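Sequences listed follow chains A and B, in order.
Residue numbers for the first sequence follow our numbering, beginning at 4 and rising by one.
Residue numbers for the second sequence follow our numbering, beginning at 616 and rising by one.
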Amino acid sequence: MALTRNLRPGGKHGVASGETRDPIGYAVAALSRVAQSDLLDRIGLRKQAEQTVFTVTRGGFKAATSAGRTFARAGSSRKAGVRVPSATPAGVFDLTPTEDEQMLVDVVGEFAAEVLRPAAAQADDDCAAPGALLAASIEIGLPILGIPESLGGISEERSAMAGTLVAEALAKGDMGLAVATLAPGAVATALSLWGSEQQQATYLPAFTGDDVPAAALALNEPAVLFDVLSPTTTAVRDGDQIVLDGVKSQVPRGADAELFVVGAMLEGQPVLVLIESGTDGLSLEADPAMGVRAASMTRLTLSGVRVPGEAVLGETDGSTYAECVRLSRIAWCALAVGTGQAVLDYVIPYVKERQAFGEPVAHRQSVAFMVANIGIELQAMRLLTYKAASRAAAGKDFSREAGLARKLCADKGMQIGLDGVQLLGGHGFVKEHPVERWYRDLRAIAVMEGTVLV
Amino acid sequence: MIHLDDPKRLRTLRDQAHQVAMNMLRPVSRKYDRAEHEYPKELDMLAAMIDGLSESGASEGAGASGVRREDTPEKSAGVKNGTNLASVMSIAEMCWGDVGLLLSMPRQGLGNSAIASVGDDEQQARFKDTWAAMAITEPGVGSDSASIQTTAVLDGDNYVLNGEKIFVTSGERADSVVVWATLDRSLGRAAIKSFVVEKGTSGMVVERLEHKLGIRASDTATITFTDCRVPKENLLGTAEVDDKQGFAGAMATFDNTRPLVAAMAVGVAQASLDLTRDLLAQAGVEVDYDRPALVQHAAAAKFLQMEADWEGARLLTLQAAWEADNRKPNSLEASMAKAKAGRVASDVTLSCVELASTLGYSETELLEKWSRDSKILDIFEGTQQIQQLIVARRLLGLSSAELK
């Protein structure tokens, strides 16, 4: 019966489907409905106006994606695009960044400290990055980091290591803003790594020009136990077109994005597909999450979206897709390392200052050892991430290293977020301090796929 | 350029050590676990081989003495992958074979590392061929090594040692023992010095050998010193009681030996991982690095977590050794490596027993042995808690008076 099913509490509000309501439960549920009604507001019973959180939509309204610029087709879809050579390490075990990498880290590190960190709390609240900040990120060249020099970028060789160091440095400022600023670069890097001559000639000029578009690498889907390698979004060939159906979740800056790279299953293999915003059948709704909120996350629905057959980016045998997944995971690991470092740098002065029982709490082993363990695990996370990134840059197989880095960064990164709040006690729980935001952000590492790329 | 793969130059050495571990240590691994206190005679031939390799330069200076830091500044710029890295890489492989046997390796004692770390050039030369054990711990003093009770009193050309040392690895088999003693208890840690006491010195008696949970192939001795006269030139380093340098110098040995012990932990944990991966595969459980751990078999998910932790421990160990090779301060990283590797080795070896069920628990396989051998690695050369204390003090910038 439809009516009794409606009265059953499960299936919404985070209530498991097996729950039942007893008479008191029904009474409370009814009261709750009244409390939610805006009747209270109209008759002035509720003092506090409901706060609007980033919602393009409420109550199921979906907006179509906005039509962006027209990307002028150029080049041949049969010819491979420009590729930068792999890095060629001398075979020496070494932890020293190259001079170029160090310079980049210095610049980005300053940007993170001076611009990202001060803007972080507000951006988290607004679920949006300030326009000036995004413009500045373009000015320092974030989107063109992975684009070959010959196509107007700055990459002379494979830049996975540089990308990792940059992501880490940004996330030390703020993870949400780091994702917001890195999202367009993820698409540009993907085009550089796997694009055909036509795809590169069509889209990359926009990224190397003055008016860099927002763009999103959309691999996440809203599914329990989501396995990114088996997306449920489908791509079906229909003549010389491909038809896509499915839902992608946690798509960064989707409302502004002019170009999407979407993961979908084509003929039994996962592939990446380029889709321009404004294409019929695309719709967006807000998808704010517990953290990484400054990246204005959206949910992208594809219903009967038609793109030309040559919109597939890279190989159709699943190899490009798998490589993309791994490189994204390295980027998320780098973000975890950066945010983990922010936690460590924040708790050290705090526990040395905060007094309890007549001395700084840092003088107690139970506190000090938590700090020690943050330091130890953070460095282990960093080393695993660097190893994976340097192997990727050198053109070596890095699937094992990326998998292990993700596991460690997901587990230990969350532990660091958890301990960061714990070390500040009640002060860690309130928004006066940033550790609660880092706690929310660090939960993302185990969950997120795609979105960022090195 | 950041590159964290094993260095090309040392891969041959690593692979050789692996072959030695597989073909020489593993075949007698269980034998000497059962025959505790019996001397592993096979090791003499192995030691001769290692000496030969060392003479030929093929060992890249690896081994217990490989931790020496040259004072002469090197002109050539560039990144060094030297004896410290060679040592941790080869020791990890040997401990993949057997930790107890590695610890019993002639001329590869921790005392040799101490001589290499704090001895002067004359002492290096004089003790080149000795097999030196290390004696710090006393019945009443463990982690608190600054408060040792053994005394050394200068009398003419000799120091006279009195005291009792316990848990001396290779204490019976080694040719000599590096003994920590205080010149003056009232002067605290600055007065602690180390002395090379050669076997047969009158007044030095090996009282007994311990029966242990693991590393049973290695002899662990209790040694007493009663009016034991040691030539004064056997005091390692300087005899001056300098408040700043004294104890710090002795402790500096640990910056060099902790990565070695971390390497041991990495090695034994790898043994467990390698075998367990194989056993799981035979049971139809494959570990996939791309699929999320949570959509895989629970055993595969556990394996991923262990391997990730293990890789972290290994890289921290390599980092600490790399810093030593490149003359960067590494106290913090050495302790980080030892803390991480110690606890990872326990988790890995014990979890592998659990994953392999009674096959892991029984003596049929070596998994149960490795889970016993690993425990000591989180204890000696500074316990887990001591490493955390060191890391915490360094990160927080607190003194030992502030953070006790």
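Glycine included, each C-beta is placed from N, C-alpha and C at the ideal position.
On a predicted model such as this, the values are computed, not experimentally measured, just so you know.
For Ile706 of chain B, no Cβ of chain A is located within less than 9 Å of the residue's own Cβ.
Along the region 995–1011 of chain B, the positions whose C-beta sits under 9 Å from a C-beta of chain A are Gln1000, Gln1002, Gln1003, Leu1004, Ile1005, Val1006, Ala1007, Arg1008, Arg1009, Leu1010, Leu1011, read in chain order. Restricting attention to A:Gly281, A:Arg86, A:Gly312, the CA atom closest to the CA of Thr68 of chain A is found in A:Gly281. For secondary structure counted as the beta strand (DSSP E) over 3 or more consecutive residues, the region 289–351 of chain A holds these complete runs in sequence order: 301–311. The C-beta of Met879 of chain B comes no closer than 9 Å to any C-beta of chain A. Collapsing the DSSP output to three states places Gly266 of chain A in a strand.
Within a 10 Å sphere around the beta-carbon of Gln382 of chain A sit 16 or more other beta-carbons, which makes this residue buried.
Fewer than three pairs of CB atoms, one per stretch, sit closer than 8 Å, so the region 634–641 of chain B makes no contact with the region 809–820 of chain B.
Minimum Cα-Cα distance from Gly676 of chain B among the listed residues B:His652, B:Ala701, B:Met660, B:Leu658 corresponds to B:Ala701. For Thr99 of chain A, the chain B residues whose C-beta falls within less than 8 Å of its own C-beta are Met616, Ile617, Val694, listed in chain order. In this structure, the alpha-carbon of Gly198 of chain A lies about 18 Å from that of Gly212 of chain A. Contact check for Met178 of chain A against Glu104 of chain A fails: the beta carbons are separated by 9 Å or more. Interface criterion met: the Cβ of Met951 of chain B is under 9 Å from a Cβ in chain A. For Asn941 of chain B and Pro754 of chain B, the gap between their C-alpha atoms comes out near 38 Å. No Cβ of chain A is located within less than 9 Å of the beta carbon of Trp985 of chain B.
In this structure, DSSP gives Ser644 of chain B a helical state, which the three-state scheme calls helix.
With a cutoff of 9 Å on beta-carbon distance, Leu269 of chain A and Arg240 of chain A are scored as near each other. If you draw a 10 Å sphere on the C-beta of Arg823 of chain B, you find fewer than 16 other C-beta atoms in it, and that means exposed. Cα atoms of Pro216 of chain A and Ala209 of chain A: separation of roughly 7 Å, rounded to the nearest angstrom. Taking Leu894 of chain B as the centre and dropping the five residues before and after it, the same chain places the C-beta of Ala971 closer than 6 Å to its C-beta, in chain order. When secondary structure is reduced to three states using DSSP, Pro944 of chain B falls in the coil class, being assigned neither helix nor strand. For the 9 Å CB-CB criterion, Pro151 of chain A and Ser158 of chain A form a contact. Between the C-alpha atoms of Asp97 of chain A and Ala936 of chain B there is a straight-line separation of about 11 Å. When beta bridges are read from the DSSP output, Asp241 of chain A appears opposite A:Gln244. Excluding residues up to 5 positions away in sequence, Ser199, Glu200 lie with their Cβ nearer than 7 Å to the Cβ of Ala83 of chain A in the same chain. Taking C-beta atoms as the reference points, Leu207 of chain A and Cys327 of chain A fail to come closer than 9 Å. The bridge partners DSSP lists for Lys814 of chain B come to none. DSSP places Met178 of chain A in the helix class (H, G or I) of the three-state scheme. Here the alpha carbons of Pro187 of chain A and Val274 of chain A stand approximately 19 Å from one another. Residue nearest to Ala408 of chain A within the set B:Asn849, B:Glu926, B:Thr932 is B:Glu926 (criterion: CA-CA distance). For the region 337–362 of chain A, the beta-carbon criterion of a distance under 9 Å to any beta-carbon of chain B is satisfied by Leu347, Ile351, Val354, Lys355, Glu362. Pairing Leu717 of chain B with Met709 of chain B gives a Cβ-Cβ distance under 9 Å.
When DSSP states are grouped into helix, strand and coil, Pro754 of chain B belongs to the coil group. Val231 of chain A and Met293 of chain A have their alpha carbons spaced roughly 21 Å apart. For Arg1008 of chain B, the secondary structure class from DSSP, reduced to helix, strand or coil, is helix. Per DSSP, Thr839 of chain B is one residue of the beta strand (DSSP E) stretching across 835–846.
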